Amino acid sequence: MPLTTLLLDVTDGIARLTVNRPDKLNALDAMVIHELGEAVTRIEQDATIRGVVVTGAGPKAFVAGADIAELAAQTPLEGKARAQAGQLVFRRLERCGKPVIAAVNGFALGGGCELAMACHLRVASEGATFGQPEVKLGLGPGYGGTVRLPRLVGKGRALELLLTGAMIGAAEAHRIGLVNRVVPAERLLAEAEELLRVILAQGPLAVRLVLEAVEAGLDMTVDEALLLEAGHFGLLSATADMREGTSAFLERRKPGFSGR
Ligand code: COA
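Counting from 1, one number per residue, gives the positions in the sequence shown under this note's numbering.
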């Protein structure tokens, strides 16, 4: 089925995934969440896709949150199911095995901030705005905000944003570590893709296992995470990429990785 609320374009190994409901500031309704699941399946399975940039359509918003019209009508069990559906698809994106960069082009509020945080890195335009305003609606975050925000910016800063619902600009988001880079709006997609290309130029298997070690390791004890890292270190030693990378260094040339 063709996607109706998302655009998914693949060029030269990079998939650009655009949430495309600009008249509703790209709010995440049930259809967007469903189609995000389909897009993640394609990202996981399509070997021509090596990395992903996620953005929002239009000049104003990345994603202005879950669709409040839908939230307003939900029963408690529907609310729980909605949260779990969104959490699952964001988790799948985070664990898709390929680097994912959010290019935050405007409002990233509620579920929009949560979508950006489920991406591995965040590049923001100078005018971008971040926040978790759910408490203003008598709700809490449902798509991972209470889980990922403290891990990214620390408990105190996360709680300030989560408990006040305050919105912050890109410069403040950068200062607290919520975004990696802030760039002029007209350079946003180019800078996000440039950052992604730097990652894609590294050993592909190494990149995959570093992502896996960090995503899984954060939920482990230090000893478990260190063991996982050591296992990956050993595993990568069996790859052609590791032999190529180390030989290229010793021979003072650029490596040509094969992803094997
Ligand atoms: N859910 C559903 N619709 C939304 C939405 C959301 N999260 N955010 C914006 N929209 C809709 C508005 O209802 C409006 O639709 P309409 O033109 O059919 O009335 C349209 O998008 C434009 O939004 P508008 O509020 O008119 O733009 P603005 O520039 O005045 O304000 C925001 C922008 C982002 C400050 C404001 O839209 C807002 O506060 N949105 C909700 C943010 C939020 O609480 N998100 C967390 C949800 S859990």
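Where is the CB? At the ideal position from N, CA and C, for every residue including glycine.
Please read all numbers here as calculations on a predicted model, not as lab measurements.
For residue i, the residue or residues it bridges with in DSSP
i           : result
residue 131 : 109, 167
residue 63  : 108
residue 282 : An answer regarding residue 282 cannot be provided, because it is not within the stretch 1 to 260 covered by the chain.
residue 7   : 18
Cβ-based neighbour list, residue i, same chain, cut-off 7 Å, excluding 5 preceding and 5 following
i           : result
residue 64  : 25, 26, 27, 107, 109, 112
residue 234 : none
Local Cβ density within 10 Å of residue i, reported as buried at 16 or more and exposed below that
i           : result
residue 249 : exposed
residue 21  : buried
residue 66  : buried
residue 5   : buried
residue 114 : buried
residue 7   : exposed
residue 2   : exposed
residue 260 : exposed
residue 184 : exposed
Own chain partners of residue i with C-beta closer than 6 Å, once the 5 adjacent residues on each side are dropped
i           : result
residue 118 : 90, 93, 94
residue 56  : 19, 26, 62, 63, 105
residue 144 : 87, 90, 114
residue 232 : 209, 213
Contact check, residue i vs residue j, beta carbons under 8 Å
i           : j           : result
residue 165 : residue 133 : yes
residue 149 : residue 137 : no
residue 38  : residue 96  : no
residue 125 : residue 158 : no
residue 103 : residue 123 : yes
residue 70  : residue 9   : no
Own chain, CB closer than 8 Å to residue i, minus 5 neighbours either side, in chain order
i           : result
residue 13  : 48, 49, 50, 51, 200
residue 236 : 203, 205, 206, 209, 242
(message) Using a strict less-than 5 Å threshold between each residue's beta carbon and the heavy atoms of the ligand COA, what residues do you get?
(response) Residues flagged by the Cβ proximity filter: 24, 25, 27, 64, 65, 66, 67, 68, 107, 109, 110, 133, 134.
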